[in-house]
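2 protein chains.
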Amino acid sequence: MPKFSVQFVPDGKTVEVDGPKTVMEAAELADVYVNALCGGEGMCGRCKVIIRSGEVRAEPTAHLSREEIRDGYVLACKCYLDGSAVVEIPPESRLEGAPRLTDEDALRFGSTRVLVGEGGPYARDPLSRKVLLSLPGPSLDDNVADQERLYRELRRQRDIPVMQMGLVQLKQLAELLRENEWRVTATLGQRGGTIEVVEVEGGDTSERNYGVAVDVGTTTVVAHLVDLNTSETVARQATYNSQIQYGEDIIARIMFANTREKLDRLSSCVVRDINDLIAGLVGAADVSLQDVTYALCAGNTTMIHLLVGLTPSAIRLEPYVPTALAPPVVRAAEVGIRINPRGLLGCVPSVACYVGGDVVADVLVSGMARSEKPSMLMDIGTNGEIVLGNKDWLVCCSASAGPAFEGGGISCGMRATRGAIERLSMTKGCQVASYSVIGGGRPTGLCGSGLIDLVAEMMRNGGCLERNGALTADHESQRMRDGEDGLEFVVVPASQTGTGKDIVVTQADLQNFIRSKGAIYHAAECLIEHFGLEFGELENIYISGGFGNYLDVREAVMIGLLPDCPVERFVFIGNGSVQGAKTMLLSRQALEEGEAIASKMTYIELSTDPKFMNEYTSALFLPHTDIEKFPSVRLELRRRHIEV
Amino acid sequence: MPKFSVQFVPDGKTVEVDGPKTVMEAAELADVYVNALCGGEGMCGRCKVIIRSGEVRAEPTAHLSREEIRDGYVLACKCYLDGSAVVEIPPESRLEGAPRLTDEDALRFGSTRVLVGEGGPYARDPLSRKVLLSLPGPSLDDNVADQERLYRELRRQRDIPVMQMGLVQLKQLAELLRENEWRVTATLGQRGGTIEVVEVEGGDTSERNYGVAVDVGTTTVVAHLVDLNTSETVARQATYNSQIQYGEDIIARIMFANTREKLDRLSSCVVRDINDLIAGLVGAADVSLQDVTYALCAGNTTMIHLLVGLTPSAIRLEPYVPTALAPPVVRAAEVGIRINPRGLLGCVPSVACYVGGDVVADVLVSGMARSEKPSMLMDIGTNGEIVLGNKDWLVCCSASAGPAFEGGGISCGMRATRGAIERLSMTKGCQVASYSVIGGGRPTGLCGSGLIDLVAEMMRNGGCLERNGALTADHESQRMRDGEDGLEFVVVPASQTGTGKDIVVTQADLQNFIRSKGAIYHAAECLIEHFGLEFGELENIYISGGFGNYLDVREAVMIGLLPDCPVERFVFIGNGSVQGAKTMLLSRQALEEGEAIASKMTYIELSTDPKFMNEYTSALFLPHTDIEKFPSVRLELRRRHIEV
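The listed protein sequences correspond, in order, to chains Z and U. In terms of numbering that gives the first Met the number 0, the first sequence opens at residue 0 and continues consecutively. In terms of numbering that gives the first Met the number 0, the second sequence opens at residue 0 and continues consecutively.
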């Protein structure tokens, strides 16, 4: 086979390829990131690249406009290399920078310290604990064995049920005890119902004990480094889940992982991401990896499967069966996670295929499972989850919203990263008055919150948008025009954007968007009606998830994404997944409550509920076909003399 | 360095050596066994070999007679090779054949089936159990995860407390369940307080589940293969512990194992021995290694340390501290034991440095820990152990008898293997009337039981032996003569032996022998007096151990090794170590009782008891200075008109 050389700009990376390869495969070899929401199937149209020079064969696609084709755009996954080439990855196809830091979460939503220890509902009792032991040296009157001497002292200090020590550690014990004159530090790790003496170190190392709480998200991975002695969070980092290159959403990744080899590839991706985060955390906090003795991960069921290497294939097919809801606690090294070589790795248990440990963590953090009155929790994202209940009962459902809130299926949509418009306001007549761009500079697209603002402002400022989401053709604004696929609204003209192209929303974008918001709202409504309740009876509505964090409640009510309740009832819990994992890392009691939440929660499959399917269309209005359900929206629109 | 070639006969093995090497080291390289009780220190004189040709330098030694030196004998450990050589290993320096088979134990002492199951004290509940599961396939109404579905069905069938499954197994679960249409067999293994799902196999393999019970002795290793479904012992094998080449007794081996590398070498020896036994067992019983799912080992504390690789050095030094009394249950493969790759390995817990799991197993099998009346258990060997107690209390001590019963320290002593005189009778005037040789043919030495018979018969037939063990110089027999080291008695003249040399007992041999029997008896007496009891109050005296098995009670009482109790009170329990391990392998309840015995038993250190040290010499008589303690002996001697 001839060999070709492929250079990627602006990365500057070059790779040699042989055999028939797509540009996407070459990029993968070169370790250059290209968006691929569909996993390289030519479906999503997000892997647009520009062929600067070289010979290629590109399959025809509806995802490229005539202008783009003229400018050299191809879909990387459907473009084959026939010779050496130079390929440019344009900004909209790249993953730029790290996700928003979650530091602000802690400030905005309070830290875990409130939940654990004095004043909080959970007793401080970390899953990993270092105990300094000054053992009495052996004598003829007391010549119990080394291991049993250590156990005896541990039991004297703490009430410990079952105990075990690995053979590797035990083999070193005799020498270690004597070299350190019987003064050692034992690290005790929780392993299911038993306590393991994970490690014994010479002297007093009890001051240095850290754990990592990880939120393993489909899109982002967030890790917090926690001082297990003080409960302080000493560092926080976030990164994108690099599995994204094999598929944007859960379903695409499950489909990709159809062999052990490909499953292992996905596993290595997220393990590397977590290791990078941990390396960054210990660097930032000046902590030794040796002193990180426990990692607790929360994530949706599929992400946990992919992390520990469990077959996920049955998750996406009826009757939707995961391999395990609660994988065993293992040595972190067994999965490839680099902390203390003998440190442990646990996962917050899941409820069902589409309700994972991240939701369990959310519920724990919200406090709804400790309250008499029922509350609702909404995790808004591509895979939305909604939980309803109180301390006695919990039910949940999932709502497949689609990727619109993360920028998917929206022509100028993007994630909430640098260049995204996140806030937007209009004046009457739908004139865009102002917008704010993440990271500053010229905008390159619209993220979910920007899109919600846009639609809400279009509703408020009348005339350009029907209640069913149709753009109004005869609108006065010059921003409304006929595009390739029908009507479209120019949000920012090309002259002011970072891509040199107009940022537009099309009629199709709006339909996708309305389907997403409608799926979430309708699922919440079905769940609450199923149990004979009304939104007004809820004590609180907790909003969690990466997207939820940046939601403006009033705008979200305006478009009919959130129910029309008093604003003060909405409580943002931030990244409940990492906060919940941290709470459980710091308190065995909290972990047990998490386990109780997971086993108590009942999953309702809405897709088989006739009411859900029949009445779904009523939510495909702005805000709803039944405006009586949104009295505050009606009031505002009436005040603005807009017909409702 | 020049290279030499060393050939060993009669093995016929040849080895190339370079550098300065002893004959012992060359033999080790050639994998030719040479006795070395002291671990190659030139102390024991048991590694006599004959240089047939070649250049060597031998250090002077008192262990060789003038005749032997003339005939080319050297000590292998103190003879250096200066050139190529041919070395003969004479019969007395070889380890011949396998130890006596233990099949007869089962016949003579009853099998474990009496203890486990119907009619026995312990419920049948093997440490490893296979459970056939026909799981309901998942449906939308029942889409619990694979792992939890398996656990649910297991819990439905059995009351199981905690459960865990390894990640390696869990990773294969989804495919395995579906390939086998939800019909699988789970192997459940006891692991401390928890149950592990050790393995899941497709289809019904529940008919095939085996365990191995192993007695890891200092000298011999005995293994029984047990069908865990029927409790039948399907095969038995025994071999010598090949650690013997690095030291005959426990102390020599502990001293040898003073580095991790040498400890690992000892560990590999016994692991290989056990693997050889298991390979032989599964071959004999036509069982697949895959179907052997548990191994339970009983042994003295040092042997268990050496098996699993724990540092034994503190065991031999005051205050006598082992590394662990109860090593954790581990995967057998972690220690190198070859059964099912995921099968487990457990050890019967020890009581103290010199009272191991073998004694715990003995006590369990004897039943003394279930009885109201006190009994005594005596394990007679190089390291004797004595236990006293009933269902409420148990005390034990160890008695360092020395190696006389195993042939050590006795000029013509040998183990109870082929060529050993095991029974002997005399007529009046100390004429040897008859003897029986293990394996038939000409005798090469005397084993312990032969030695006891010899001494008892010398006592009975008067005149040649004083009560203090001194040979009588003026005895009429022509068998009494002056040897190199004083008086000696010729048991079998050279013309009738297998070695072509006289089999003699010397004055020094008799002193060693009396010290050994005195140590055992005196320890038993001290223990019983310490608790205000008398031998006559004991319900039973249980005799265990490889040597004990072949003891003639009347002869042992005659010489003052065993107390003078009615013969029917002595109960032989055979190899209680392997029988006890088997009982615990078949019954979790029995294992728990074993653990209770180990933790309840109090170890008394006799060497610090003034009474023990002061009165020890009174036991250095035949049978005792105080003949009142041995009324039946007095009666018999008087009847024979022998002055007592």
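We put the CB at the ideal spot given by N, CA and C, even for glycine.
With 16 other Cβ atoms within 10 Å as the buried cut-off, status of residue i
{"i": "Glu567 of chain U", "result": "exposed"}
{"i": "Leu316 of chain Z", "result": "exposed"}
{"i": "Asp361 of chain U", "result": "buried"}
{"i": "Ser397 of chain Z", "result": "buried"}
{"i": "Ile68 of chain Z", "result": "exposed"}
{"i": "Val167 of chain Z", "result": "exposed"}
{"i": "Phe3 of chain Z", "result": "buried"}
{"i": "Pro565 of chain U", "result": "exposed"}
{"i": "Arg107 of chain U", "result": "Caution is warranted here: a pLDDT of 45 is assigned to Arg107 of chain U, below 50, making its placement in the model unreliable, and the coordinate value is therefore given only provisionally. Exposed, because fewer than 16 other Cβ atoms sit within 10 Å of the Cβ of Arg107 of chain U."}
{"i": "Met557 of chain Z", "result": "buried"}
{"i": "Arg459 of chain Z", "result": "buried"}
{"i": "Met600 of chain Z", "result": "buried"}
{"i": "Glu627 of chain U", "result": "exposed"}
{"i": "Val643 of chain U", "result": "exposed"}
{"i": "Asp145 of chain Z", "result": "buried"}
Other residues of its chain near residue i: CB distance less than 6 angstroms, five sequence neighbours each side excluded
{"i": "Val31 of chain Z", "result": "Phe7, Asp10, Lys12"}
{"i": "Leu126 of chain U", "result": "Gln189, Tyr293, Leu584"}
{"i": "Ala105 of chain U", "result": "Its pLDDT being 42, under 50, Ala105 of chain U is placed unreliably by the model, and the measurement read from it follows with that caveat. Taken in chain order, the list of residues that qualify is empty."}
{"i": "Ile303 of chain U", "result": "Cys346"}
{"i": "Arg112 of chain U", "result": "No answer about Arg112 of chain U holds up, because its pLDDT of 49 lies below 50 and its placement is not dependable."}
{"i": "Ala57 of chain Z", "result": "Val73, Cys78"}
Contact set between residue i and chain Z, taken where Cβ atoms lie within less than 8 angstroms
{"i": "Gly191 of chain U", "result": "Val161, Gln163, Thr193"}
{"i": "Glu147 of chain U", "result": "Ala323, Leu324, Ala325"}
Residue i: contacting residues in chain Z (beta-carbon distance under 7 angstroms)
{"i": "Arg308 of chain U", "result": "This sequence places Gly at residue 308 of chain U; Arg is not what is there. Going along chain Z in sequence order, the residues near Gly308 of chain U (Cβ under 7 angstroms) are Lys170."}
{"i": "Thr607 of chain U", "result": "Leu139"}
Chain-order list of residues whose beta-carbon lies under 8 angstroms from that of residue i (same chain, five-residue window excluded)
{"i": "Asp484 of chain U", "result": "Thr505, Gln506, Ala507"}
{"i": "Gln510 of chain Z", "result": "Gly468"}
{"i": "Ala29 of chain Z", "result": "Val5, Phe7, Asp10, Lys12, Thr13, Val14"}
Within chain U, partners of residue i - CB distance below 7 angstroms
{"i": "Glu604 of chain Z", "result": "Leu139"}
{"i": "Ala57 of chain Z", "result": "Residues of chain U passing the Cβ test: none, with the nearest at roughly 38 angstroms."}
{"i": "Ala313 of chain Z", "result": "Ala173"}
heavy atom of the ligand SAH below 8 angstroms from residue i C-beta
{"i": "Leu590 of chain U", "result": "Among the components of this structure there are no ligands whatsoever, and the ligand SAH is therefore not found."}
Cβ separation of residue i and residue j, assumed to be a contact under 8 angstroms, to the nearest whole Å
{"i": "Thr698 of chain U", "j": "Thr498 of chain U", "result": "The question about residue 698 of chain U has no answer, for chain U in this structure spans 0 to 643."}
{"i": "Thr300 of chain Z", "j": "Cys268 of chain Z", "result": "Contact flag wrong, Cβ pair sits at about 18 angstroms."}
{"i": "Gly342 of chain U", "j": "Val197 of chain U", "result": "7 angstroms"}
{"i": "Pro326 of chain Z", "j": "Ala332 of chain Z", "result": "With a Cβ gap of about 15 angstroms, Pro326 of chain Z and Ala332 of chain Z do not count as contacting."}
{"i": "Ile542 of chain Z", "j": "Phe534 of chain Z", "result": "Contact doesn't hold; Cβ gap of about 14 angstroms is too wide."}
{"i": "Tyr245 of chain Z", "j": "Thr219 of chain Z", "result": "Tyr245 of chain Z to Thr219 of chain Z, Cβ: 16 angstroms. No contact."}
Residues of its chain near residue i, where Cβ-Cβ distance is below 7 angstroms and the 5 sequence neighbours each way are ignored
{"i": "Leu423 of chain Z", "result": "Val431, Tyr434, Gly449, Asp452, Leu453, Glu456"}
- Listed from N- to C-terminal order along the chain, which residues in the segment 317 to 337 of chain U have their beta-carbon within a distance smaller than 7 angstroms of any beta-carbon of chain Z? Glu317, Pro318, Tyr319, Val320, Pro321, Thr322, Ala323, Leu324, Pro326, Pro327, Val329, Glu333
- Query: Which residues, in chain order, does the segment 132 to 144 of chain U contribute to contact with chain Z at a C-beta distance below 7 angstroms?
  - Reply: Pro137, Ser138, Leu139, Asn142, Ala144
- Task: Mind checking the segment 165 to 176 of chain Z against chain U and listing, in chain order, the residues whose C-beta falls within less than 8 angstroms of any C-beta there?
- Result: Gly165, Leu166, Leu169, Lys170, Leu172, Ala173, Glu174
- May I ask you to list, following chain order, the residues of the segment 574 to 597 of chain U that have a beta carbon less than 9 angstroms from some beta carbon of chain Z? none
- Name, going along the chain, the residues of the segment 183 to 217 of chain Z whose beta-carbon falls closer than 7 angstroms to a beta-carbon of chain U. Gly191, Gly192, Thr193
- Query: Relative to chain U, which residues along the segment 455 to 476 of chain Z have a C-beta separation below 7 angstroms, given in chain order?
  - Reply: none
- Item | Residues of the segment 480 to 502 of chain U with Cβ closer than 9 angstroms to any Cβ of chain Z, in chain order | Result list empty, no residue passes.
- Task: Pull out every residue of the segment 279 to 311 of chain U whose Cβ sits closer than 7 angstroms to any Cβ of chain Z, in chain order.
- Result: Val307, Gly308, Leu309, Thr310
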